[in-house]
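Colleague:
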Amino acid sequence: MIALDTNVLVRFLVEDDAAQHRRAAHLIERADREEIPLLVTDVVLCELVRVLSYSYQVDRQAMIAILRDLLKAKQLLIVSRDVVARAVDAFSTGRGDFADYVLREQARTMGSDSVATFDRALLKEDGFIQP
Numbered sequence: 000m001i002a003l004d005t006n007v008l009v010r011f012l013v014e015d016d017a018a019q020h021r022r023a024a025h026l027i028e029r030a031d032r033e034e035i036p037l038l039v040t041d042v043v044l045c046e047l048v049r050v051l052s053y054s055y056q057v058d059r060q061a062m063i064a065i066l067r068d069l070l071k072a073k074q075l076l077i078v079s080r081d082v083v084a085r086a087v088d089a090f091s092t093g094r095g096d097f098a099d100y101v102l103r104e105q106a107r108t109m110g111s112d113s114v115a116t117f118d119r120a121l122l123k124e125d126g127f128i129q130p
């Protein structure tokens, strides 16, 4: 198993550096061919959304499509696949950042019924409360 850093996924997806894109694509193709799982953590996915949204101006709908494609990729071992899938669904209809929904879904998995936040937009959604 090989864990992927955010920058490898970014280079693979945006293709803004040809040499790094080729290396990332080669790694992913080799992992697929040799059935080597590529580990992707929740932190990497949160960073990925942040980088693509702010540095590359990827809009929310395109970001949701990218996340759903990553969830379907057989060579990727998403650490908390169910948590991430629920977070993607919430991100697709909610007002918060992707990381907010990952946090809420992780908290729910651990038995918490709410996340304390000062984010007013999130306070209108289930599972978020004022401190």
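For the sequence shown, position 92 (counting from the first letter as 1) is numbered 91 according to numbering that gives the first Met the number 0, and the numbering increases by one without interruption.
In this text, a Cβ means the ideal position worked out from N, Cα and C, and glycines have one as well.
Going by DSSP in three states, Ala115 sits in which element: helix, strand or coil?
Modeller: Numbered from its first residue, the sequence shown carries residue 115 at position 116. Three-state DSSP puts Ala115 in a strand.
Colleague: Which residue or residues does DSSP assign as beta-bridge partners of Val39?
Modeller: For the purposes of this step, residue 39 is identified with residue 40 of the sequence shown, where counting begins at 1. Per DSSP, Ile77.
Colleague: Could you round the C-beta distance between Val82 and Val101 to whole angstroms and report it? I think they count as a contact, below 8 Å.
Modeller: As a working note, residue 82 is residue 83 in the sequence shown. As a working note, residue 101 is residue 102 in the sequence shown. With a Cβ gap of about 7 Å, Val82 and Val101 count as contacting.
Colleague: Apart from the five residues on each side of it in sequence, which residues of its chain come closer than 7 Å, Cβ to Cβ, to Ser91?
Modeller: Within the sequence shown, the letter at position 92 stands for residue 91. These residues qualify, in order along the chain: Ile63.
Colleague: Go ahead and pull the three-state DSSP assignment for Ala120.
Modeller: One-based indexing of the sequence shown puts residue 120 at position 121. Coil at Ala120, not helix or strand.
Colleague: Specify, as a first and last residue, the run of the alpha helix (DSSP H) that Glu33 falls within.
Modeller: Position 34 of the sequence shown holds residue 33. Ala17 to Glu33 is the span of the alpha helix (DSSP H), which, as asked, contains Glu33.
Colleague: Determine, using beta carbons only, whether Leu37 and Leu75 come nearer to each other than 9 Å.
Modeller: For the purposes of this step, residue 37 is identified with residue 38 of the sequence shown, where counting begins at 1. For the purposes of this step, residue 75 is identified with residue 76 of the sequence shown, where counting begins at 1. The answer is yes: Cβ separation under 9 Å.
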